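Heads up, the thing below is written out as structure tokens.
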Amino acid sequence: MPRADKVRLARRGRQGSGNRDHIKGPRTRVGRFGRFCTRSRRRSDAVHGSARRDATGIPVSVLSSGPQKPAGPGRRPLDVALEARLSASPDHTPGALVVDPSRPITPAEQPARLAALEAAVRARSDLVPELGIVLGSGLGGLADELDEAVAIGFGELPGWPAATAPGHAGRLLLGRLAGRPVVMLQGRFHLYEGNDPGLVVQPILLCRRLGASAVILTNAAGGLAPAFGPGTLMLITDHINLSGRNPLIGHNADGIGPRFPDMTDAWSPRLREQLRAAAAAEGVSLAEGVYVALSGPNYETPAEVRMLAALGGHAVGMSTALECIAARWAGLEVGGVSLVTNAGAGYSGEPLPHEEVLAAGAEAGPRLARVIRRFVADYDPPAG
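FYI, our numbering numbers position 44 of the sequence shown as 96, with every residue one higher than the one before it.
This is the structure we're talking about:
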């Protein structure tokens, strides 16, 4: 056969007398990315089965190469990848409760997780709180004033690790403060502990799930101006989130809140007025300003302090902003007070150890406790 004819036939997908189309084999298809075998793929699926997926839709084969352990009595939901790694460790105790706090949690996953958390809490207490209160570094003493208190360690709740930040007891408490039912968080989860933003805000979402309509956030912070020196109580009027993280990224849970929550009045003007009144009634001076959230764990450099002040910040810390975002998403009113425990780097000229932050919190904490106690006693819930 002349060479030109061979080329013409080859372009038609035939090789002249050498054509082997009559031989049966796996059916192939040609697409943009080349040839692939659909029959072989079907046969592979028939042999191995479709990939099993965990509750979040992630193929189990991707998460763990070994068989999955059945959930026995007392076992909480695990991250199977972490369990597989720990199970291979000689120090691992079979059946131990394991939590991977860094595992991403999307908004769409929160309802199922919150349902499990609510069930665990309701097994211990049926009190329905009106308010949620978060106690920051060195401010946990207010928890001792709860009546009829039921305390649950963070590590006792499904999917929650124990708190690791100094000055954070890591407990959820249900009880009565000034006669009013509240849920109190003695400590919180931070990004710098390696926690995913979805876990950081889960305690706030749980407050809503348990029945609270508002939450008060407190924290220890550094002052960004000489007027905000150690011991200053600052009513939070707004925040700047420079942590680089957001708990609402991912598929939305419409049953909790909208895809694009409005933050115009993130810090409730109504609650701010009530906090001002509580401070005045107790004779406690209350400054007002903007809280800036960073990820930590290092404290700010002098240049960063100057930058944050130029941006309009008055106090800086490593928490709170993500909690406010999640609270507003879930329809909670938010109020907050920062306890300034130290001057920002560059103002004092001295290094800042965390022990001084805790000491300042212990010294000024009683004043903040008086304000919160009076606020709770006089709290005016939202209409409807």
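All residues carry an ideal CB built from backbone N, CA and C; glycine is no exception. On a predicted model such as this, the values are computed, not experimentally measured, just so you know.
Query: Beta-carbon within less than 8 Å of Gln326's beta-carbon, same chain only, minus the 5 sequence neighbours each way: which residues are those?; Result: Gly387, Phe427, Asp430, Tyr431 and Asp432
Query: The alpha helix (DSSP H) spanning Ile308 covers which residue range?; Result: Counting along the chain, Ile308 falls outside any alpha helix (DSSP H), and DSSP gives it neither H nor E.
Query: Which residue wins for smallest C-alpha separation from Asn350, given the options Leu191, Val423 and Val368?; Result: Val368
Query: Give me whichever residues DSSP pairs with Ala345 in a beta bridge.; Result: Asn293 and Gly369
Query: Looking only at its chain, what residues have a beta carbon closer than 7 Å to the beta carbon of Ile424, apart from the 5 residues adjacent to it on each side?; Result: Ile185, Leu194 and Ile268
Query: Would the beta-carbon of Pro354 fall within 9 Å of that of Gly250?; Result: no
Query: Could you pull the start and end residues of the beta strand (DSSP E) that Ile256 belongs to?; Result: Element bounds for Ile256: not the beta strand (DSSP E) but the alpha helix (DSSP H), Gln254 to Leu262.
Query: Taking the alpha-carbon positions, what's the Pro313 to Trp381 distance?; Result: 5 Å
Query: Just mark Gly413 as buried or exposed, buried being the case when its beta carbon has 16 or more other beta carbons within 10 Å.; Result: buried
Query: So, Ser177 versus Leu226, is the Cβ gap smaller than 9 Å?; Result: yes
Query: Can you have a look at Pro175 and say buried or exposed, based on whether 16 or more other CB atoms are within 10 angstroms of its CB?; Result: Looking at the sequence itself, residue 175 is Ala, so the reference to Pro does not match. Classification of Ala175: exposed, given that the 10 Å Cβ count is below 16.
Query: Could you give the first and the last residue of the continuous beta strand (DSSP E) run that contains Leu269?; Result: Ala266 to Gly275
Query: How far does the alpha helix (DSSP H) with Glu334 in it extend, from its first residue to its last?; Result: Pro321 to Glu334
Query: Using a Cβ-Cβ cutoff of less than 8 Å, which residues in the same chain neighbour Ala214 once the five nearest sequence positions on both sides are dropped?; Result: Gly205, Phe206, Gly207 and Gly222
Query: Between the beta-carbon of Ala179 and the beta-carbon of Pro233, is there less than 9 Å?; Result: The sequence shown places Leu at residue 179, rather than the Ala named in the question. Yes, the Cβ-Cβ distance between Leu179 and Pro233 is below 9 Å.
Query: Do the region 152-167 and the region 234-249 make contact, defined as three or more Cβ pairs closer than 8 Å?; Result: yes
Query: Which value, in whole angstroms, describes the spacing of the CA atoms of Arg311 and Pro163?; Result: 15 Å
Query: Please state whether DSSP places Arg419 in a helix, a strand or coil.; Result: helix
Query: Between Ala362, Glu407, Arg261 and Ala217, which lies nearest to Gly307 when the distance is taken from Cα to Cα?; Result: Arg261
Query: Excluding five sequence neighbours on each side, which residues of the same chain lie with their C-beta closer than 8 Å to the C-beta of Glu197?; Result: Leu229, Ala421 and Arg425
Query: My output table needs one value for Glu352: the three-state DSSP class, helix, strand or coil.; Result: coil
Query: Are Gly281 and Ala395 touching if we call contact CB-CB under 9 Å?; Result: yes
Query: In this structure, does DSSP put Leu251 in helix, strand or coil?; Result: helix
Query: Can you look up Met315 in the DSSP assignment and give me helix, strand or coil?; Result: coil
Query: Decide if Ile377 is buried, meaning its Cβ has at least 16 other Cβ atoms within 10 Å, or exposed.; Result: buried
Query: Tell whether a beta-carbon distance below 9 Å holds between Ser371 and Ala345.; Result: yes
Query: Looking only at C-alpha atoms, which of Gly348, Thr270, Tyr343 and His303 sits nearest to Gly296?; Result: Gly348
Query: Helix, strand or coil: how does DSSP classify Val173 here?; Result: helix
Query: In three-state DSSP terms, what is Glu340?; Result: strand
Query: What does the alpha-carbon distance come out to for the pair His303 and Gln254?; Result: 16 Å
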